[in-house]
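Going from the sequence shown to our numbering is simple: count from 1 and add 2. Glycine included, C-beta positions come from ideal geometry on N, C-alpha and C.
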Amino acid sequence: MDGEDILEDFCNRIAAETRLPEALNKKLLCPFQYFGITDSIDLTNVKWEKGKYVASELTSLYTKNDVRVGQIISNLEKYTNDLNDVRAIGFCVTQEHALFMTEKFNLAGIKAECLTSKNSNERERIRAQFKKKEFNYLFVVDIFNEGVDIPEIDTVLFLRPTESLTVFLQQLDVVCV
């Protein structure tokens, strides 16, 4: 995803298009429940550059605030049947954010791991552990955004702003394949 418009490569024509409701009605995707949870973090003063928030500023906001983590855990308790039976992937803004979330969940007694480009060589081991329920929450950065089938996942946590509808739908699709 380089942010470039590919329509001009196709004479500015869309040959076919399927929207989310149509895909659900045609049973191309599994049905899902979506809960939009209010985020207490104020992004008003976060710089906006090149069509997105500055990642370092988001990271600073998200990693200095244990209250937000508490709210995330509280909402998971509210909207899931069993916090420790959930198989979730959490999309984070940076590696620091993913490590922070992993640490805070583990400190709360909730088994979590993170997968970033720094430890991508451990991807198969971490994925196998996730499949065996050795942990329940996997925090990632720009990994598993598209074209991945992880049937164990039943919950997606959008823990950062997603400026692109395409990226949002691809991440949502991780649990809907």
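What did DSSP end up calling residue i once you bin it into helix, strand or coil?
i       : result
Ala-17  : coil
Lys-80  : helix
Thr-104 : helix
Leu-60  : helix
Val-95  : coil
Lys-29  : coil
Exposed or buried, what is residue i when buried is set at 16 or more other beta-carbons lying within 10 Å of its beta-carbon?
i       : result
Cys-116 : buried
Lys-2   : Given that the chain is displayed from residue 3 to residue 179, the structure contains no residue 2 and the question cannot be resolved.
Val-71  : buried
Ala-100 : buried
Please identify the residue among the options whose C-alpha is closest to the C-alpha of residue i.
i       : options                          : result
Leu-45  : Ala-57, Gly-38, Lys-52           : Ala-57
Pro-163 : Asn-77, Lys-49, Asp-11, Glu-24   : Lys-49
Asp-156 : Tyr-81, Leu-60, Lys-66           : Tyr-81
Leu-60  : Glu-24, Gln-97, Glu-136          : Gln-97
Phe-141 : Pro-153, Ser-119, Lys-134        : Ser-119
Gly-111 : Ile-128, Arg-127, Asn-138        : Asn-138
Leu-161 : Glu-51, Val-95, Glu-124, Arg-125 : Val-95
Met-103 : Lys-29, Ile-8, Phe-132, Gln-73   : Gln-73
Glu-154 : Asp-87, Phe-93, Val-69           : Asp-87
State the Cα-Cα distance for the pair residue i and residue j, rounded to the nearest angstrom.
i       : j       : result
Arg-89  : Cys-13  : 42 angstroms
Glu-79  : Lys-66  : 23 angstroms
Asn-83  : Lys-135 : 16 angstroms
Val-179 : Lys-133 : Residue placement at Val-179 is flagged as unreliable, the pLDDT there being 42, under the threshold of 50; the coordinate-derived value follows with that caveat. Looking at the two C-alpha atoms, the distance is approximately 16 angstroms.
Leu-127 : Arg-15  : It is worth fixing the name first, because residue 127 is Arg in this sequence and not Leu. Each residue's Cα considered, the two are about 43 angstroms apart.
Which residues bound the alpha helix (DSSP H) around residue i?
i       : result
Ile-128 : 125-133
Starting from residue i, trace the beta strand (DSSP E) in both directions and tell me its first and last residue.
i       : result
Val-158 : 157-160
Phe-141 : 139-142
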